[in-house]
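Enquirer: In our numbering, the protein residues as written are 12 to 514. Ideal Cβ positions, reconstructed from N, Cα and C, are used throughout, including at glycine.
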Ligand SMILES: Nc1ncnc2c1ncn2[C@@H]1O[C@H](COP(=O)(O)OP(=O)(O)OP(=O)(O)O)[C@@H](O)[C@H]1O
Ligand SMILES: [Mg+2]
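(1) Between the C-alpha atoms of residue 179 and residue 207, what's the straight-line distance to the nearest angstrom?
(2) Check for me: the beta strand (DSSP E) holding residue 68 runs from which residue to which?
(3) Flag residue 239 as yes when its Cβ comes closer than 8 Å to any non-hydrogen atom of ligand 2, and as no otherwise.
(4) At the level of alpha carbons, what is the spacing between residue 507 and residue 102?
(5) Name the two residues that bound the continuous beta strand (DSSP E) containing residue 467.
(6) Please report how far the alpha carbon of residue 23 lies from the alpha carbon of residue 411, in whole angstroms.
(7) In angstroms with no decimal places, state the Cα-to-Cα distance between residue 312 and residue 228.
(8) Does residue 266 come out as helix, strand or coil in the three-state DSSP assignment?
(9) For residue 224, I'd like the list of residues in its chain whose CB is within less than 7 Å of its CB, leaving aside the five on either flank, ordered along the chain.
(10) To the nearest angstrom, how far is the alpha carbon of residue 53 from that of residue 308?
(11) Taking buried to mean at least 16 other C-beta atoms within 10 Å of its own C-beta, is residue 487 buried or exposed?
(12) Jot down the residue ranges of each uninterrupted beta strand (DSSP E) in the region 168–250, minimum 3 residues, whole runs only, in chain order.
(13) Between residue 117 and residue 90, is the Cβ-Cβ spacing less than 9 Å?
(14) Indicate whether the contact test is met: 3 or more Cβ pairs, each with one atom in the region 27–42 and one in the region 205–220, closer than 8 Å.
(15) Hey, would you say residue 390 sits closer than 9 Å to residue 431, going by beta carbons?
(16) Is residue 44 near ligand 1 - that is, is its Cβ less than 8 Å away from at least one heavy atom of it?
(17) Using a Cβ-Cβ cutoff of less than 7 Å, which residues in the same chain neighbour residue 168 once the five nearest sequence positions on both sides are dropped?
(18) Distance check for residue 414 and residue 437, CA to CA, integer angstroms please.
(19) Starting from residue 587, follow the beta strand (DSSP E) in both directions and report where the run begins and ends.
(20) Between 30, 93, 17, 485, which lies nearest to residue 76 when the distance is taken from Cα to Cα?
(21) Restricting to runs no shorter than 4 residues, where is the alpha helix (DSSP H) found entirely within the region 282–333?
(22) Does the separation of the CB atoms of residue 95 and residue 186 fall below 9 Å?
(23) Should residue 154 go down as buried or exposed, given a rule of 16 or more other Cβ atoms within 10 Å for buried?
(24) When every heavy atom of ligand 1 is checked, does at least one fall within less than 8 Å of the C-beta of residue 95?
(25) Pull up the CB-CB distance for residue 173 and residue 145, whole angstroms please, since I reckon it's below 8 Å.
(26) Where residue 447 and residue 48 are concerned, what is the direct C-alpha to C-alpha distance, given to the nearest angstrom?
(27) What residue range is occupied by the uninterrupted alpha helix (DSSP H) comprising residue 499?
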């Protein structure tokens with residue numbers, strides 16, 4: 012009998028069948044990869060195993076015992092731990108506090124609960140030791156006392172992992188744990204997970220769109236599509252299965268460099284965006300040092316650099332979300348470094364930020380409608396909305412669904428559809444492909460290409476470097492808050508690739 016046995020689990024949301032009679036097993040010390048297109052039901056399956064969602068039908072057994080009736084915390088005490096696709100941390104608490112709280116809540120309830128409620132109990136030495144072991148394992152010991160707000164996305168993911176592994180995990184449910192990690196952290200993560208499986212016999216079910224990682228880690232793969240298991244078996248054979256390639260993998264790789272075919276109207280006019288000697292800080296932390304570069308109108312510029320290099324800070328400054336401490340920022344020749352966000356938006360600048368950039372409590376259709384702003388002409392509004400459904404037909408069937416209930420990847424697609432309904436003059440896309448399945452990543456990059464060919468300028472921040480290089484005319488390369496190279500893709504691509512591998 013396997014440690015985890017899921018039999019015939021179904022879950023419906025209104026007319027949507029998120030899971031349709033899904034069965035999977037995960038045994039002691041085994042890593043099972045869960046893959047499939049965006050919206051396939053992967054996260055829903057983990058929710059049904061961890062207890063966040065009750066299945067409509069089917070059974071979930073752990074260590075020979077039925078658990079579908081157990082609450083999340085009871086399953087956690089049995090050793091079932093999870094990380095979330097969207098990192099869930101508590102602002103105001105330190106890194107170490109997060110792990111201590113996770114450890115305590117995974118232990119049997121004793122007197123400490125009463126003491127906790129009365130605010131009397133401090134952390135015991137045993138708890139502190141367990142927390143520092145877990146933080147040490149993920150390489151965050153130096154950040155133990157820092158507030159969680161100071162962590163970038165990659166480190167926040169590592170903290171989530173520390174919370175999942177503290178104490179005695181028996182089954183880890185990991186939802187896209189590598190998304191946002193640096194190359195070197197992905198490597199450390201892979202070693203940590205294999206080590207836990209080998210030395211402590213921990214079982215792992217991992218959702219991942221990074222196929223290199225999943226093929227290295229997973230003994231077996233289960234592929235979901237439209238809520239059904241469409242393939243399962245030994246990792247290598249599943250990855251070459253034609254059904255899986257058709258449903259999930261798409262081209263699976265970046266196309267060779269094919270610059271956007273824009274009729275260059277380089278009239279010698281001002282750059283679409285210009286940074287001159289820009290410095291920026293978050294409190295005492297200095298994020299940018301003397302940053303200068305130009306984005307020519309109609310071009311695609313890739314802003315490349317390791318995590319923490321300052322790319323998102325540049326995106327925030329360019330869209331007016333934060334202001335630099337010194338230097339000049341101009342859009343089409345007008346200085347904007349002190350301008351408010353709405354003013355910059357009116358100049359035709361749109362940012363698709365990291366994370367989930369949609370209005371969760373509005374429907375899919377309302378999200379698209381909102382992006383049309385002050386456009387009064389009804390025919391033009393209708394045309395723009397229709398364009399969004401055409402670009403991403405999978406959203407057309409979801410017009411009334413609340414955007415917050417879309418899957419992680421579907422939310423990113425909606426964010427892009429909103430923007431592309433009325434292409435902006437300057438589009439800044441921050442890690443657009445995070446959490447996208449390979450086949451939809453192809454679609455997304457083709458949609459970006461189309462938007463550039465209609466005349467938009469694009470500033471692209473992208474972890475999938477080859478995808479960005481396939482589109483970009485120009486590279487701005489960053490390291491530790493400084494620009495170290497600016498130039499045409501054809502000249503800089505190799506040296507920037509080498510720098511990123513080394514970082
Ligand atoms: N609360 C909900 N109400 C309505 N539909 C929902 C709800 N939760 C999930 N869904 C739908 O169920 C389907 C499965 O979603 P799920 O989050 O499990 O997908 P996923 O495979 O994890 O996708 P991704 O790779 O994008 O994260 C999606 O189509 C999603 O829109
Ligand atoms: Mg998901």
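Expert: A quick look at the data gives this:
(1) Taking the straight line joining both Cα atoms gives about 10 Å.
(2) Membership of residue 68 in the beta strand (DSSP E) is indicated by the continuous run 68–73.
(3) Of the heavy atoms belonging to ligand 2, none sits nearer than 8 Å to the Cβ of residue 239.
(4) Straight across, the Cα-Cα distance linking residue 507 with residue 102 is about 35 Å.
(5) Neither: residue 467 is in no beta strand (DSSP E) and is coded neither H nor E.
(6) Spanning the alpha carbons of residue 23 and residue 411 requires a straight line of approximately 16 Å.
(7) Distance between the alpha carbons of residue 312 and residue 228 is about 34 Å.
(8) Confidence at residue 266 is low in this model, with a pLDDT of 48, below 50, so its placement is unreliable and no value can be given for it.
(9) So the qualifying residues of the chain are 189, 197, 201.
(10) For residue 53 and residue 308, the distance between alpha carbons rounds to 41 Å.
(11) By the 16-neighbour rule on beta-carbons within 10 angstroms, residue 487 is buried.
(12) The qualifying runs are 182–186, 214–218, 231–236, 239–245.
(13) Contact: yes.
(14) In this structure the region 27–42 lies against the region 205–220, because at least three pairs of beta carbons, one per stretch, are closer than 8 Å.
(15) Not a contact, by the Cβ cut-off of 9 Å.
(16) Relative to the non-hydrogen atoms of ligand 1, the Cβ of residue 44 never comes closer than 8 Å to any of them.
(17) 98, 188, 191, 192, listed in sequence order.
(18) Their Cα atoms are separated by approximately 25 Å.
(19) No statement about residue 587 is possible, as the shown extent of the chain runs from 12 to 514 and does not include it.
(20) The residue among 30, 93, 17, 485 with its C-alpha nearest the C-alpha of residue 76 is 17.
(21) Secondary structure within the region 282–333: the alpha helix (DSSP H) runs of 4 or more consecutive residues, fully enclosed, are 322–329 (chain order).
(22) Yes, these two residues count as a Cβ contact at 9 Å.
(23) Buried, by the Cβ-count rule.
(24) Flag unset: Cβ of residue 95 not near ligand 1.
(25) Sure, about 4 Å apart at Cβ, within 8 Å.
(26) Roughly 8 Å between the two C-alpha positions.
(27) Residue 499 -> not in any alpha helix (DSSP H); beta strand (DSSP E) instead, spanning 493–499.
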